[in-house]
Amino acid sequence: MKPLTIHHTRDPNATTAPPDSHQDTYSKTVLGFWIYLMTDCLLFASFFATYVVLHESTASGPSSQELFSLSTAFIETMILLFSSVSCGFAMLAAVKSQKNQTIAWLAVTFILGLSFLAIEGHEFFTLVQEGNSWSRSAFLSAFFSLVGTHGLHISVGLLWMATMIGQLTFSGITIAIFRRLVIFSMFWHFLDLIWIFIFTFVYLMGVI
Amino acid sequence: MSHEEISLREMQKEWHGSLSGYLCGFIASIVLTAISFGIVATRALSGPSLKYTVASLALTQAILQLIFFSTPRLGS
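These protein sequence lines map, in sequence, to chains A and B. First residue of the first sequence: 1415, per our numbering; consecutive thereafter. First residue of the second sequence: 308, per our numbering; consecutive thereafter.
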């Protein structure tokens, strides 16, 4: 009687490596951040809707035609657009693991974001000084809520960028830092996208 | 190369941004913003047609930015 032999054959295409936990965290983070950005979209949508409804409710105070400067808004738009692209350049450097170039482009983005915030802060300050604060009329309340919320997001973005520059300086481009850079760039591009609508529906439509 | 480095390379490969993509989005955005600004500043149009034109220019720019600037795609 022949002895029974069992041949163990391996499927050459089967992968024996365990699933990549880094890759898994990365996709989950990106998905989670997309979901966060969509909830932020809802927030801005509510503010936009409120602004459109209250636009004419000036309580015999100044209207948007009297208050808004189109050239200032245009400069702000250009600054934010440039910062969006410099953020993209930082990512192009990060993909090639070029630490110093990533830091340099992030610094450029930071300075542009800060200039944007300074111009907006100056605009808000002037409005309040002239007695046209958020308590003046429903129109101004809606204006400050909408544009101020965007400005608050920009401030958070600046804080985030400063943190990333610090982390890059000390640790270089690691998995965790690359992941954070990717979602930061999503955040920054998203804010530029929201600003297009603020520029159009608040400033351009406001002076018509 | 360590396991971590291999994972980082994989993530970097999955990232879809390119220099030409950024420049296309950038130039398109500048042109569209300038057109909107120009139409309103010179009052080239009037009434509802002005509003609809400016609103559609904004929507176009938003879609273009979504295409050119939103680089991490889900899945692979």
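C-beta atoms are modelled at their ideal positions from N, C-alpha and C, and glycine is treated no differently.
Query	Result
Short-range partners of chain B found in the region 1437-1452 of chain A, where Cβ spacing is below 8 Å	Gln1437, Tyr1440, Ser1441, Val1444, Leu1445 and Trp1448
B/Ala335 at chain A interface by Cβ criterion, 8 Å	no
Contact set for A/His1567: own chain, Cβ-Cβ below 7 Å, skip 5 residues either direction	Leu1605
heavy atom of the ligand FMN below 7 Å from A/Phe1462 C-beta	Ligands are entirely absent from the displayed structure, and the ligand FMN is therefore not among its contents.
Against chain A: residues of the region 352-376 of chain B by CB proximity under 8 Å	Leu357, Lys358, Val361, Ala362, Leu364, Ala365, Gln368, Ala369, Gln372, Leu373 and Phe376
Contact under 8 Å by Cβ, A/Ser1585 with A/Ile1579	no
Neighbour flag for B/Ser314 against chain A, beta carbons, 8 Å	yes
Euclidean distance between Cα positions of A/Leu1541 and A/Ser1483	11 Å
Closest by C-alpha distance to B/Ser325, when choosing among A/Arg1593, A/Ser1555, A/Leu1506 and A/Phe1613	A/Leu1506
Best match in A/Ser1547, A/Val1499, A/Ser1511 and A/Asp1434 for proximity to A/Phe1524 [C-alpha to C-alpha]	A/Val1499
Proximal residues to A/Ser1549 (C-beta, below 8 Å), its chain only, five neighbours per side dropped	Ser1555
Among A/Lys1513, A/Val1561, A/Phe1538 and A/Trp1602, the one whose alpha carbon lies nearest that of A/Gln1581	A/Lys1513
8 Å Cβ cutoff, B/Gly387 in contact with chain A	The question about residue 387 of chain B has no answer here: the residues shown for chain B are numbered 308 through 383.
Exposed unless 16 or more other CB atoms sit within 10 angstroms - verdict on A/Ala1504	buried
Range covered by the alpha helix (DSSP H) that runs through A/Asn1514	Lys1513 to Gln1543
Interface flag, A/Ser1599 vs chain B, CB-CB below 8 Å	yes
Cβ separation of B/Cys361 and A/Met1619, assumed to be a contact under 8 Å, to the nearest whole Å	Position check: residue 361 of chain B holds Val in this sequence, whereas Cys was assumed. Indeed they touch by this definition, with Cβ atoms about 7 Å apart.
Proximity to A/Leu1451 [Cα-Cα], best of A/Phe1613, A/Ile1612 and A/Ile1608	A/Ile1608
Neighbourhood of B/Leu364 by C-beta, 7 Å cutoff - its chain only, sequence neighbours within 5 removed	Leu339, Ile342 and Ser343
Cβ-based contacts, 9 Å cut-off: residues of the region 335-350 of chain B near chain A	Ser336, Ile337, Leu339, Thr340, Ala341, Ser343, Phe344, Ile346, Val347, Ala348 and Arg350
Residue span of the alpha helix (DSSP H) that contains B/Pro355, given as start and end	Gly354 to Phe376
Chain B within 8 Å of A/Met1619, Cβ atoms only	yes
Amino acids of chain B, ordered along the chain, whose beta-carbon sits closer than 8 Å to that of A/Ile1589	Glu311, Ser314, Leu315 and Met318
With 16 other Cβ atoms within 10 Å as the buried cut-off, status of A/Glu1544	exposed
Range covered by the alpha helix (DSSP H) that runs through A/Ala1473	Counting along the chain, A/Ala1473 falls outside any alpha helix (DSSP H), and DSSP gives it neither H nor E.
Reduced DSSP category for A/Lys1510 - H, G, I as helix; E, B as strand; rest coil	coil
Local Cβ density within 10 Å of A/Cys1455, reported as buried at 16 or more and exposed below that	exposed
Under 7 Å from the C-beta of A/Ser1498: neighbouring residues of chain B	Phe376
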